[in-house]
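One structure is given below, encoded as structure tokens.
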Amino acid sequence: MDPNRPSQNPPHADSLPLLEPDRLYPSAVTAMRLGISDRSLRRLRSAGKITAVRIGGAIRFRGRDIQRAIEQGVA
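And the structure:
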């Protein structure tokens with residue numbers, strides 16, 4: 469294994485820093501935290517299973533909503 473090459477495995481949820489409840493996270497970070505694809509995240513948002521905030525043209529997710537989705541096993 470080459471130590472200079474990044475791991476192909478995404479970080480495990482237990483090794484990630486805690487979510488800040490009021491911070492807004494982009495879709496890519498949210499999907500990673502939930503362990504799902506961006507497309508699956510869009511489906512969850514469309515189904516109303518996770519709340520999103522639109523800022524201009526960007527979609528963001530509050531840390532508290534991501535944590536709630538994790539706890540409820542939404543993904």
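With my numbering applied, the sequence shown corresponds to residues 469 to 543, in that order.
From the three backbone atoms N, C-alpha and C, an ideal C-beta is built for every residue, glycine too.
Distance CB(residue i)-CB(residue j) smaller than 9 Å
i: R536; j: Y493; result: no
i: A543; j: G503; result: yes
i: I518; j: D506; result: no
i: R501; j: L487; result: yes
i: S508; j: A520; result: no
Residue from the options whose Cα sits closest to the Cα of residue i
i: R522; options: S495, E488, L484; result: S495
i: Q540; options: G524, G525, L512; result: L512
Integer-rounded CB distance, given that residue j should sit under 8 Å from residue i
i: G531; j: P485; result: Actually they are not in contact, since the Cβ atoms of G531 and P485 sit about 11 Å apart, beyond 8 Å.
Where are the alpha helix (DSSP H) runs, 4 residues long or more, that stay fully inside the segment 483–513, in chain order?
495–502
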